[in-house]
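Listed in order, the protein sequences are those of chains X and G. Going letter by letter, the first sequence gives residues 64 to 321 in the numbering used here. Going letter by letter, the second sequence gives residues 64 to 321 in the numbering used here.
Number of protein chains: 2
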Amino acid sequence: GTLGFLTQATLRLHPLPEATAVTVASFPSVGAAVACTVQVLQAAVPVARIEFLDEVMADACGRFSGKGLPVAATLLLELHGSRHSLAEQQQQMGEIMRQNGGSGLAWAEGLEEREQLWSMRHNAWYAALALRPGCQGYSTDVCVPISRLPDVVVETKQDLQASGLTGPMVGHVGDGNFHCILVFNSQDPEEAQRVHAFTERLGRRALAAGGTCTGEHGVGLGKRALLLEELGQEGLDTLRSIKAALDPHNLMNPGKVI
Amino acid sequence: GTLGFLTQATLRLHPLPEATAVTVASFPSVGAAVACTVQVLQAAVPVARIEFLDEVMADACGRFSGKGLPVAATLLLELHGSRHSLAEQQQQMGEIMRQNGGSGLAWAEGLEEREQLWSMRHNAWYAALALRPGCQGYSTDVCVPISRLPDVVVETKQDLQASGLTGPMVGHVGDGNFHCILVFNSQDPEEAQRVHAFTERLGRRALAAGGTCTGEHGVGLGKRALLLEELGQEGLDTLRSIKAALDPHNLMNPGKVI
């Protein structure tokens with residue numbers, strides 16, 4: 064990366080949980096699915112995984128997998144723990160889902176069935192690309208405080224629709240991080256320009272909400288201007304001084320990030 | 064500190080658990096108490112707090128509080144969660160304690176009773192000083208990988224006894240971090256020298272076990288030599304270059320750490 068590279072890693076292993084269960088839940092709106100996520104976190108349900116798909120992404124994943132999914136804002140939820148604690152979590156989760164108008168499949172506990180459900184999510188990138196064969200994909204990557212997530216997701220969804228872009232949404236919503244997978248014709252300068260303008264607006268929307276323009280995909284080349292807006296010149300100068308201290312000959316990823 | 068100071072903090076709040084329970088458990092040896100801790104972590108009991116006292120510290124804390132504690136290697140344990148999950152954790156914890164020859168008080172669930180038990184631990188420093196009125200206290204602060212903790216604690220205990228020093232042990236053993244509170248006559252150069260020699264051996268014992276000479280108390284002035292042994296000249300030079308980048312005029316804690 065920018066500051067170094069790994070030569071060795073020591074892992075701390077965690078025990079496998081006694082029991083695991085997965086469900087797919089559909090919600091009446093994107094806002095309801097994200098509000099459900101926030102309430103799950105506030106209720107301290109020790110959720111193992113919670114992944115959001117908007118209705119475009121759910122539809123694409125359902126069709127790509129050949130299994131079908133309701134065309135609705137969707138959460139993929141995984142719980143784990145002891146048998147007793149799992150049953151208790153399932154009950155809590157069911158109540159919070161219902162309060163937000165959601166309804167889920169029966170909980171899948173077998174390994175094969177669970178993997179089949181997760182494979183729909185893991186193939187989201189390819190499912191999105193299959194919406195417009197021959198087009199290119201570009202993933203946005205903002206992250207905002209959990210309390211601001213419902214508003215930011217709803218505004219982004221409206222912006223996507225107003226822009227006339229294909230951009231199914233997936234989100235690691237428990238962390239406040241979500242992606243729009245924009246599928247566009249890179250040979251069409253007008254559409255490419257609309258994608259660019261949308262991603263800038265999204266980055267600034269995240270910054271205005273106290274979030275970051277770069278959740279987990281990094282800054283690279285494309286987000287250097289947004290990083291300056293996020294950190295300010297002084298913040299960026301501080302990063303540059305640390306980079307210079309560790310890499311005085313600028314050998315590591317020259318030109319990237321800062 | 065060495066690299067900066069806080070001007071603002073944003074807190075992420077966690078919900079209060081539904082139920083909390085505390086016990087004090089006595090073990091036949093220091094090794095048994097620490098082995099119990101390792102097994103609790105390996106069994107993924109979601110323990111809230113787990114604090115170790117050796118028999119000297121347990122005795123001192125029991126007497127200082129006026130409540131008394133068995134003169135034995137001791138764990139103070141706190142569990143939390145939903146009512147059901149708490150009962151399950153108590154059962155698991157009870158089994159692991161018994162397997163290591165430990166036996167605990169009845170679980171305290173009321174706030175006042177829990178606070179009384181914890182106040183014994185929180186007064187450990189004063190309880191240690193009360194062992195030798197008029198003497199000075201000095202706390203060591205090593206941290207080692209959990210898997211090496213039982214051996215390192217047992218060896219340190221033997222070293223303390225062979226050195227003829229007063230040094231009751233307390234440990235945040237879930238993190239691999241423990242302290243010897245050395246209570247010594249700082250007017251006696253010979254005793255002060257024994258304390259110094261002991262702390263150097265302890266630091267090197269932690270380094271040899273893949274740990275660190277400084278768990279949470281910092282390096283300051285006293286551990287600069289051990290930090291060099293821990294990081295090597297190259298590691299220390301890297302820290303110095305980052306310090307110079309962020310604090311070119313060396314205004315923050317000059318002379319400390321590096």
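Ideal Cβ positions, reconstructed from N, Cα and C, are used throughout, including at glycine. As the structure is a computational prediction, the values presented were derived from the model and not from experiment.
On the premise that residue j lies in contact with residue i, defined as a C-beta separation below 8 Å, what is that separation, rounded to the nearest angstrom?
i	j	result
THR83 (chain X)	GLU141 (chain X)	7 Å
THR137 (chain X)	SER92 (chain X)	11 Å between Cβ atoms; not a contact.
LEU132 (chain X)	VAL233 (chain X)	Rounded, the Cβ-Cβ distance is 13 Å, inconsistent with contact.
GLU118 (chain G)	VAL97 (chain G)	About 13 Å separates the two Cβ atoms, so there is no contact after all.
LEU245 (chain X)	VAL258 (chain X)	5 Å
GLY278 (chain X)	LEU104 (chain X)	Contact doesn't hold; Cβ gap of about 17 Å is too wide.
ALA308 (chain X)	ALA95 (chain G)	Wrong, their Cβ atoms sit about 47 Å apart, outside the cutoff.
VAL85 (chain X)	ALA171 (chain X)	5 Å
GLN327 (chain X)	PHE247 (chain X)	Residue 327 (chain X) is absent from the structure shown; chain X starts at 64 and stops at 321.
VAL320 (chain G)	THR70 (chain G)	21 Å between Cβ atoms; not a contact.
ILE305 (chain X)	ILE305 (chain G)	6 Å
LEU291 (chain G)	LEU299 (chain G)	6 Å
HIS147 (chain G)	HIS147 (chain X)	6 Å
Give the secondary structure of residue i by DSSP, where H, G and I count as helix, E and B as strand, and everything else as coil.
i	result
GLN199 (chain X)	strand
GLY165 (chain G)	coil
GLU141 (chain X)	strand
ARG75 (chain G)	coil
SER249 (chain X)	coil
VAL236 (chain G)	helix
HIS242 (chain G)	strand
GLU114 (chain X)	strand
VAL205 (chain G)	strand
ALA193 (chain G)	coil
SER89 (chain G)	strand
GLY83 (chain X)	Reading the sequence as shown, one finds Thr at residue 83 (chain X) and not Gly. DSSP places THR83 (chain X) in strand when its eight states are reduced to three.
THR65 (chain X)	coil
THR275 (chain X)	strand
Identify which residue in the options has its Cα closest to the Cα of residue i.
i	options	result
LEU74 (chain G)	X:GLU114, X:PRO208, X:LEU116 and X:GLY164	X:PRO208
ARG184 (chain G)	G:ARG126, G:GLY278 and G:SER226	G:ARG126
LEU79 (chain G)	G:GLY239, G:ALA111 and G:ALA225	G:ALA111
ASN240 (chain X)	X:GLN102, X:VAL205, X:HIS312 and X:ALA272	X:VAL205
ARG161 (chain G)	G:GLN221, G:GLN102 and G:ARG287	G:GLN102
GLU81 (chain G)	X:LEU139, X:ALA106 and X:SER145	X:ALA106
ASP251 (chain X)	X:GLY197, X:SER166, X:ASN163 and X:HIS147	X:GLY197
ALA169 (chain G)	G:VAL87, G:GLU114 and G:ARG195	G:VAL87
LEU212 (chain G)	G:MET120, G:GLY273 and G:SER304	G:GLY273
GLU178 (chain X)	X:ARG195, X:LEU139 and X:HIS147	X:LEU139
LEU180 (chain G)	G:GLY129, G:SER210 and G:LEU302	G:GLY129
GLN221 (chain X)	X:HIS235, X:SER249, X:SER210 and X:ARG264	X:ARG264
HIS77 (chain G)	G:GLU253, G:GLY144 and G:GLY167	G:GLY144
Taking 7 Å as the limit between beta carbons, can you name the residues of its chain near residue i, skipping five residues before and five after?
i	result
ARG268 (chain G)	VAL215, GLU218 and THR219
GLU293 (chain G)	LEU270, THR275 and CYS276
ALA255 (chain X)	PHE247 and SER249
ARG195 (chain X)	THR229 and VAL246
GLY164 (chain G)	PHE90, PRO91 and ALA95
Residue i touches chain X at which residues, Cβ-Cβ below 8 Å?
i	result
ALA107 (chain G)	HIS77, PRO78 and PRO80
GLU151 (chain G)	SER145, HIS147 and SER148
Compute every distance between the C-beta of residue i and the non-hydrogen atoms of the ligand SAM, then say whether any falls below 6 Å.
i	result
GLN152 (chain G)	Within the structure as shown, the ligand SAM is missing, as the structure has no ligands at all.
Sorted by chain position, which residues of the same chain lie with C-beta nearer than 6 Å to residue i's C-beta, five sequence neighbours on each side aside?
i	result
CYS243 (chain X)	THR203, GLY230 and MET232
GLU297 (chain X)	none
GLY266 (chain X)	CYS276 and LEU289
ALA190 (chain G)	ALA123, CYS124 and PHE127
TYR201 (chain X)	LEU245
GLY67 (chain X)	none
ASN316 (chain X)	THR65
HIS280 (chain X)	ASP204
LEU223 (chain X)	GLY230
Output, in chain order, the set of chain X residues within a Cβ distance shorter than 9 Å of residue i.
i	result
THR301 (chain G)	ALA308 and LEU309
SER182 (chain G)	Here the premise fails: no neighbours, minimum Cβ distance about 27 Å.
Please compile the residues from chain G whose C-beta is within a distance smaller than 9 Å of the C-beta of residue i.
i	result
SER210 (chain X)	The premise fails here: SER210 (chain X) is roughly 10 Å from chain G at the closest Cβ pair, so nothing lies under 9 Å.
If I measure Cβ to Cβ from residue i and keep anything under 8 Å in the same chain, skipping five residues before and after, which residues do I get?
i	result
VAL108 (chain G)	LEU142, GLN152, GLN155, MET156 and ILE159
GLY227 (chain X)	ARG257
SER182 (chain G)	SER128
GLY283 (chain X)	LYS319 and VAL320
ALA121 (chain G)	SER89, LEU132, PRO133, VAL134, ALA135, ALA136 and THR137
LYS286 (chain X)	GLY266, CYS276 and THR277
Show which residues of chain G have a CB atom less than 8 Å away from the CB atom of residue i.
i	result
ILE305 (chain X)	ILE305, ALA308 and LEU309
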